[in-house]
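Asker:
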Amino acid sequence: MQADFLEALEELERERGIRKEVLLSAIEAALLSAYRRNFSSAQNARVEIDPQAGEFHVYAQKEVVEHVGDPRLQIALDDARQIDPRYEVGDILEQEVTPHDFGRVAAQTAKQVVMQRIREAERGLIYEEFLDREEDVMTGLVQRQDARYVFVNLGKAEALLPQSETLPTDHLRTGDRIKVLITRVERSNKGPQIYASRTHPTFVKRLLELEVPEIYNGIVEIRSVARDPGYRCKVAVYSNNDQVDPVGACIGPRGQRIQAVVNELRGEKIDVIAWSIDPEEFVANALAPAKPTHVWIDDERVARVTVPDAQLSLAIGKEGQNARLAAKLTGWKIDIRGESDAVHAFDLEALPNEENDR
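Letter by letter, the sequence shown follows residues 81 to 438 of our numbering.
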């Protein structure tokens with residue numbers, strides 16, 4: 081230990097945010113462990129550090145008893161009163177037993193403890209920082225990948241992007257710069273474990289927030305998102321300002337805003353839908369690019385929809401994708417029929433046909 085020991089601890093406190101009291105307590109515990117390991121494993125003891133002088137002291141602790149059973153742990157009352165007449169049975173007597181050759185062990189132990197605490201503190205700060213970034217988008221560099229994960233360098237830490245959370249159209253290589261959604265942050269012995277995704281619906285929401293100022297400022301809200309990652313996505317938006325078109329704001333001038341998101345999603349098609357409190361109107365909008373002619377809603381959360389015969393395949397989509405995403409977006413089961421089949425499929429006489437025309 082050197083005379084500038086306290087100054088070094090204070091510098092660590094300023095630069096790393098580690099309180100010197102915490103460091104001193106940890107060093108004392110480590111020195112006690114080193115003392116027991118190298119000098120006396122059977123003795124009760126404590127270590128005290130004088131930070132002003134940079135000195136340390138080891139004190140053996142013995143219980144004052146009438147009859148000594150173990151001289152390593154106990155001291156007779158008569159012997160204790162020769163040191164201090166105020167001792168009584170049951171008191172703890174301390175005697176300094178600092179070894180003279182303990183300096184090298186102490187210095188090495190203190191260094192190890194300080195380095196360990198610095199690493200722990202840095203890991204703690206990184207954990208807290210990334211915990212606050214859960215459900216945020218961050219940009220990183222692809223470092224490497226294996227059968228389970230793509231490892232993405234985020235600067236201060238590395239994110240684990242499961243292969244199952246990459247897009248089917250992702251062809252990632254080392255050095256690629258990509259955006260990821262931070263989905264979960266966990267503590268571990270090796271530091272924070274940060275998990276990421278590119279398939280989560282929230283990823284699209286955050287990308288739109290980055291590109292569309294009206295969403296970031298709260299003028300336009302994203303009410304729901306339905307994704308078939310890598311292929312198609314539907315986003316329902318609503319404007320809190322009658323003067324702002326929510327769909328137009330998301331598309332942007334000459335489609336620049338939505339195209340930036342599509343590029344990050346490796347060509348995933350995005351349908352921006354106007355959200356409506358009217359479920360019939362919302363379902364009709366959600367089936368875009370098809371244009372339904374009628375929508376009826378029943379009490380069983382089923383929406384019965386008719387479309388022009390020529391648009392039936394468009395409304396359903398390849399392998400039912402368009403209808404499936406529309407149902408997920410709106411929360412309604414959707415039954416779609418062409419106009420020529422609707423008369424037989426639906427009991428049209430029992431359904432209203434004027435007020436719900438589309």
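Yeah, the Cβ is synthetic: ideal placement off N, Cα and C, and Gly gets one too. As the structure is a computational prediction, the values presented were derived from the model and not from experiment.
Starting from G220, follow its DSSP beta bridges and name the residues at the other end.
Answerer: Position 140 of the sequence shown, counting from 1, holds the residue named residue 220. I258, per the DSSP bridge assignment.
Asker: Between which two residues does the beta strand (DSSP E) carrying S356 extend?
Answerer: Mapped onto the sequence shown, residue 356 falls at position 276. Unbroken run through S356: none, as it is neither H nor E.
Asker: For my contact list, V324 and V352 are in at a C-beta cut-off of 8 Å; report their separation, rounded to the angstrom.
Answerer: As a first step, residue 324 must be located in the sequence shown, where it is residue number 244. As a first step, residue 352 must be located in the sequence shown, where it is residue number 272. Rounded, the Cβ-Cβ distance is 14 Å, inconsistent with contact.
Asker: Put G418 into one of helix, strand or coil per three-state DSSP.
Answerer: As a position in the sequence shown, residue 418 is number 338, starting the count at 1. In the structure shown, G418 sits in a strand (DSSP, three-state: E or B).
Asker: So that I know if they touch, is there some Cβ in chain C lying closer than 9 Å to that of I353?
Answerer: Chain labels in this structure do not include chain C; a single protein chain is all it has.
Asker: With distances taken from CA atoms, which of P369, L111 and A106 is nearest L394?
Answerer: The residue given as residue 394 occupies position 314 in the sequence shown. Taking only the C-alpha atoms, the option nearest L394 is P369.
Asker: Is it the case that the segment 356-374 contacts the segment 328-348, given that we only count it when at least three CB pairs across the two stretches are under 8 Å?
Answerer: Because the criterion of three Cβ pairs below 8 Å is not met, the segment 328-348 and the segment 356-374 do not touch.
Asker: Compute the distance between the beta-carbons of D421 and A383, then report whether it is under 9 Å.
Answerer: Here residue 421 corresponds to residue number 341 of the sequence shown, with the count starting at 1. Here residue 383 corresponds to residue number 303 of the sequence shown, with the count starting at 1. For D421 and A383, no; Cβs fall outside 9 Å.
Asker: Which runs of the alpha helix (DSSP H) spanning at least 4 residues fall entirely within the segment 329-404, listed in chain order?
Answerer: 336-344, 359-366 and 392-396
Asker: Compute the Euclidean distance between the alpha carbons of G97 and A237, then round it to the nearest angstrom.
Answerer: To locate residue 97, count along the sequence shown from 1; it is residue 17. To locate residue 237, count along the sequence shown from 1; it is residue 157. Approximately 19 Å, taken between the alpha carbons.
Asker: Applying the criterion that 16 or more other CB atoms from any shown protein chain within 10 Å of the CB defines a buried residue, is M195 buried or exposed?
Answerer: As a working mapping, residue 195 is identified with position 115 in the sequence shown. M195 should be labelled exposed.
Asker: Under the three-state reduction of DSSP, which class applies to T466: helix, strand or coil?
Answerer: The question about residue 466 has no answer here: the residues shown for the chain are numbered 81 through 438.
Asker: Mind checking who R312 pairs with in its DSSP beta bridge?
Answerer: Sequence index remark: in the sequence shown, residue 312 carries index 232 (1-based). When beta bridges are read from the DSSP output, R312 appears opposite D308 and K349.
Asker: With T410 and V375 assumed to form a contact (beta carbons below 8 Å), what rounded beta-carbon distance in angstroms separates them?
Answerer: Residue mapping note: residue 410 aligns to position 330 of the sequence shown, counting from 1. Residue mapping note: residue 375 aligns to position 295 of the sequence shown, counting from 1. Contact doesn't hold; Cβ gap of about 11 Å is too wide.
Asker: Compute the beta-carbon to beta-carbon distance between P281 and R307, rounded to the nearest angstrom, for a pair I have assumed lies under 8 Å.
Answerer: Translated into positions along the sequence shown, residue 281 becomes position 201. Translated into positions along the sequence shown, residue 307 becomes position 227. Going by Cβ atoms, the distance from P281 to R307 rounds to 5 Å, so yes, they are a contact pair.
Asker: In this structure, what does DSSP give as the bridge partners for D130?
Answerer: Translated into positions along the sequence shown, residue 130 becomes position 50. According to DSSP, which records beta bridges pairwise, D130 is partnered with E135.
Asker: Quick one: is Y115 buried, meaning 16 or more other Cβ sit within 10 Å of its Cβ, or exposed?
Answerer: The residue you call residue 115 lines up with position 35 of the sequence shown. Burial call: buried.
Asker: Cα-Cα, which of V144, E361, I206 and N297 is closest to Q439?
Answerer: Because the chain is modelled from 81 through 438, residue 439 falls outside the range shown and cannot be assessed.
Asker: Going by CA-CA distance only, name the one from E215, A316, L157 and T249 that's closest to W355.
Answerer: The count along the sequence shown starts at 1 and reaches residue 355 at position 275. Taking only the C-alpha atoms, the option nearest W355 is A316.
Asker: Do you know whose CA, among D171, L103 and V284, lies nearest R303's CA?
Answerer: For the purposes of this step, residue 303 is identified with residue 223 of the sequence shown, where counting begins at 1. Of the candidates D171, L103 and V284, the one whose C-alpha sits nearest the C-alpha of R303 is V284.
Asker: Give me, in chain order, the residues of the same chain whose beta-carbon lies closer than 6 Å to that of G271; leave out the 5 immediate sequence neighbours on both sides.
Answerer: Stepping through the sequence shown from its first residue, residue 271 is reached at position 191. Closer than 6 Å at Cβ, skipping near neighbours: R203.
Asker: Note the first and the last residue of the continuous alpha helix (DSSP H) segment covering P293.
Answerer: Translated into positions along the sequence shown, residue 293 becomes position 213. That run of the alpha helix (DSSP H) goes P293 to Y296.
Asker: Return the first residue and the last residue of the beta strand (DSSP E) that N233 is part of.
Answerer: For this step, residue 233 is matched to residue 153 along the sequence shown. Run containing N233: Y229 to N233, per the beta strand (DSSP E) assignment.
Asker: DSSP state of E434, grouped into three classes?
Answerer: In the sequence shown, the residue the question calls residue 434 occupies position 354. Low per-residue confidence applies at E434: pLDDT is 45, beneath 50, and the placement is therefore not dependable enough to give any value.
Asker: Taking the alpha-carbon positions, what's the A125 to V102 distance?
Answerer: Counting from one through the sequence shown, the residue named residue 125 turns up at place 45. Counting from one through the sequence shown, the residue named residue 102 turns up at place 22. In a straight line, the C-alpha of A125 is about 20 Å away from that of V102.
Asker: Closer than 8 Å is the cut-off here; do at least three beta carbon pairs connect the segment 208-228 with the segment 179-194?
Answerer: no
Asker: Just to confirm my understanding: we take G310, look at its own chain, exclude 5 residues before and 5 after, and list those with CB closer than 6 Å. What are they?
Answerer: Your numbering for residue 310 matches position 230 in the sequence shown. Around G310: L247, P248, T249 and E348.
Asker: Where does the unbroken alpha helix (DSSP H) through Q162 begin, and where does it stop?
Answerer: Walking along the sequence shown from the start, residue 162 turns up at place 82. Where Q162 is concerned, the enclosing alpha helix (DSSP H) stretches over L157 to I163.
Asker: The alpha helix (DSSP H) with S113 in it runs from where to where?
Answerer: One-based indexing of the sequence shown puts residue 113 at position 33. For S113, the enclosing alpha helix (DSSP H) starts and ends at K100 to N118.
Asker: How big is the Cα-Cα spacing for E399 and I198?
Answerer: For the purposes of this step, residue 399 is identified with residue 319 of the sequence shown, where counting begins at 1. For the purposes of this step, residue 198 is identified with residue 118 of the sequence shown, where counting begins at 1. If I take the Cα positions, the gap works out to 56 Å.
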